[in-house]
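What follows is a short report on a single structure.
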Amino acid sequence: MKNYPNKKKIGLALGSGAARGCAHIGVLKALSNMGIEPDIICGSSMGTIVAASYAAGNLEKLEKKFCSFTKMQIAKFLQFDISLINFVKKKQLNTFFTKYVCDKDKKIEDLPKSFGAVSTLFKTGDEVFFSDGLVFDAIFASIAMPGLFAPFNYKGKWLIDGGLVNPIPISLCKKLGADIVIAVNLNSDIAGKHLNKKKNSMTNNYIAKKISSKIEQYSNNFFSSQKDKTPPNFINTILNSINIMQYNIALNRMKIDNPDIILNPKLSHIGLMEFNRAKEAIEEGEACVNRMNSEIKQLTGSI
6 MKNYPNKKKI GLALGSGAAR GCAHIGVLKA LSNMGIEPDI ICGSSMGTIV
56 AASYAAGNLE KLEKKFCSFT KMQIAKFLQF DISLINFVKK KQLNTFFTKY
106 VCDKDKKIED LPKSFGAVST LFKTGDEVFF SDGLVFDAIF ASIAMPGLFA
156 PFNYKGKWLI DGGLVNPIPI SLCKKLGADI VIAVNLNSDI AGKHLNKKKN
206 SMTNNYIAKK ISSKIEQYSN NFFSSQKDKT PPNFINTILN SINIMQYNIA
256 LNRMKIDNPD IILNPKLSHI GLMEFNRAKE AIEEGEACVN RMNSEIKQLT
306 GSI
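At the far end of the sequence shown sits residue 308, using the working numbering, and the numbering has no gaps.
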């Protein structure tokens with residue numbers, strides 16, 4: 006862990022939330038504009054990707070890539086695996102992370118910033134913290150969302166998405182030495198929300214068709230929602246069920262872990278796989294920091 010003598014250490018806990026996690030980039034940009042650079046940055050699930058990219062000094066590259074995404078480009082990351090293990094191509098993710106997060110062989114101990122990630126032990130549901138070892142191990146363990154990513158085998162144990170037990174890793178920031186913790190909750194406004202209703206739905210009747218091996222066909226479900234009288238498709242059911250669960254876990258964890266500031270970007274209008282709306286999420290991340298400007302200055306003014 007890095008040493009920062011004679012000053013309070015600021016920790017930033019970046020929560021889970023799939024595509025909504027692009028808002029973390031906006032949060033970091035807005036904090037930087039205020040002269041605030043976190044000493045310790047921890048992530049859960051999507052928050053881990055942004056945290057690792059920031060800690061490695063590659064956040065600007067990651068932002069540009071996310072903002073360039075189209076629906077078809079996102080679809081290229083997806084595949085229908087008849088083994089039902091996962092939907093997302095790990096080879097594609099390896100290339101993506103290497104280009105926009107850090108080198109594949111990069112160790113957490115060698116990052117310029119203190120970085121941590123949280124995952125979940127599949128067998129018991131226990132939390133698993135990553136604060137050393139390979140960055141790639143931490144990322145793949147933390148983002149292994151059931152139904153999308155295969156569980157990650159680490160030292161003979163299967164790990165899954167960190168958001169299942171600790172959606173906003175405030176406790177890990179404190180464990181790594183943070184004196185002040187700013188938490189980013191991506192799902193603060195999902196309560197009572199229904200699936201978004203979009204005009205010009207790509208395939209409203211898709212659920213009635215057989216799953217096709219072509220990416221362009223089955224991936225549409227990640228972007229389009231169903232009519233009220235049609236049950237949500239199985240992918241949206243999985244994602245939104247996990248989202249609701251993480252929302253409730255986060256509320257309870259924040260009461261226990263007690264961050265100094267909670268940032269609540271308003272992101273319920275952005276679907277969990279709508280990375281093509283990254284610019285909107287980033288802008289809302291910046292806006293939520295600006296809404297809390299005076300509170301943040303008051304808390305960090307003496308640092």
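We put the beta carbon where it would ideally sit given N, CA and C, even for glycine.
If you're wondering where the values come from, they're calculated on a predicted model, not measured in any experiment.
For the pair the stretch 135-149 and the stretch 108-122, tell me if three or more CB-CB distances fall below 8 Å. The stretch 135-149 is in contact with the stretch 108-122.
Locate the beta strand (DSSP E) running through G16, then write down its first and last residues. In the sequence shown, the residue the question calls residue 16 occupies position 11. Note, G16: beta strand (DSSP E), I15 to L19.
To which residues of the same chain is I64 closer than 7 Å at the C-beta, ignoring the five residues directly before and after it? Locating residue 64 in the sequence shown gives position 59, counting from the first residue. At residue 64 the sequence reads Leu, which differs from the Ile that was named. Counting only Cβ-Cβ distances below 7 Å, and skipping sequence neighbours, we find I30, L33 and S58.
Alpha carbon to alpha carbon, how far is P151 from N171? Within the sequence shown, numbered from 1, the residue matching residue 151 stands at position 146. Within the sequence shown, numbered from 1, the residue matching residue 171 stands at position 166. In a straight line, the C-alpha of P151 is about 15 Å away from that of N171.
Can you tell me whether DSSP reads I254 as helix, strand or coil? Position 249 of the sequence shown, counting from 1, holds the residue named residue 254. Helix, per DSSP.
Assuming C293 is part of the beta strand (DSSP E), what are its boundary residues? The count along the sequence shown starts at 1 and reaches residue 293 at position 288. Counting along the chain, C293 sits inside no beta strand (DSSP E); it lies in the alpha helix (DSSP H) bounded by residues A283 to R296.
Beta-bridge partners of N95, as assigned by DSSP: In the sequence shown, residue 95 corresponds to position 90, counting from 1. It is Lys, not Asn, that sits at residue 95 in the sequence shown. Beta bridge pairing from DSSP links K95 with no other residue.
Any idea what DSSP makes of K111, helix, strand or coil? Translated into the one-based positions of the sequence shown, residue 111 becomes position 106. In the three-state reduction of the DSSP assignment, K111 falls in the coil class.
Cβ neighbours of K66 in the same chain (closer than 7 Å, five flanking residues each side left out): Within the sequence shown, residue 66 is the residue found at index 61, counting from 1. Cβ within range, chain order: Y105.
Along the chain, where does the alpha helix (DSSP H) that runs through V32 open and close? Numbered from 1 along the sequence shown, position 27 holds the residue referred to as residue 32. The continuous alpha helix (DSSP H) containing V32 extends over residues A28 to N38.
Can you find the residues in the same chain that come closer than 8 Å, C-beta to C-beta, to C72, ignoring five residues on each side of it along the sequence? For the purposes of this step, residue 72 is identified with residue 67 of the sequence shown, where counting begins at 1. Once the five neighbours on either side are set aside, the close Cβ partners of C72 are A283, K284 and I287.
Under a three-way DSSP split, which group does L268 fall into? In the sequence shown, counting from the first residue as 1, residue 268 sits at position 263. Strand at L268.
Inter-residue Cα distance where the pair is V55 and T129: Here the question's residue 55 lines up with position 50 in the sequence shown. Here the question's residue 129 lines up with position 124 in the sequence shown. As the crow flies, the alpha-carbon of V55 is around 27 Å from that of T129.
Could you check which residue in R258, R25, S147 and I247 has the C-alpha nearest to that of N281? Taking the first residue of the sequence shown as position 1, residue 281 is located at position 276. Sorting R258, R25, S147 and I247 by C-alpha distance to the C-alpha of N281 places R25 at the top.
Extent of the continuous beta strand (DSSP E) to which G52 belongs: Translated into the one-based positions of the sequence shown, residue 52 becomes position 47. Here G52 belongs to no beta strand (DSSP E); instead the alpha helix (DSSP H) covers M51 to A60.
Can I173 and A149 be called in contact, C-beta distance under 8 Å? In the sequence shown, residue 173 corresponds to position 168, counting from 1. In the sequence shown, residue 149 corresponds to position 144, counting from 1. Judged by beta-carbon spacing, A149 lies beyond the 8 Å limit of I173, meaning their Cβ atoms are not closer than that value.
Can you grab the Cα-Cα spacing for the pair T103 / G121, in whole Å? Working through the sequence shown from its first residue, we reach residue 103 at position 98. Working through the sequence shown from its first residue, we reach residue 121 at position 116. Their backbone Cα atoms lie some 18 Å apart in a straight line.
On the three-state DSSP scale, how would you describe K81? Taking the sequence shown and counting its residues from 1, one reaches residue 81 at position 76. Reduced to three states, the DSSP call for K81 is coil.
What are the boundary residues of the beta strand (DSSP E) that includes V123? Here the question's residue 123 lines up with position 118 in the sequence shown. Residues S119 to L126.
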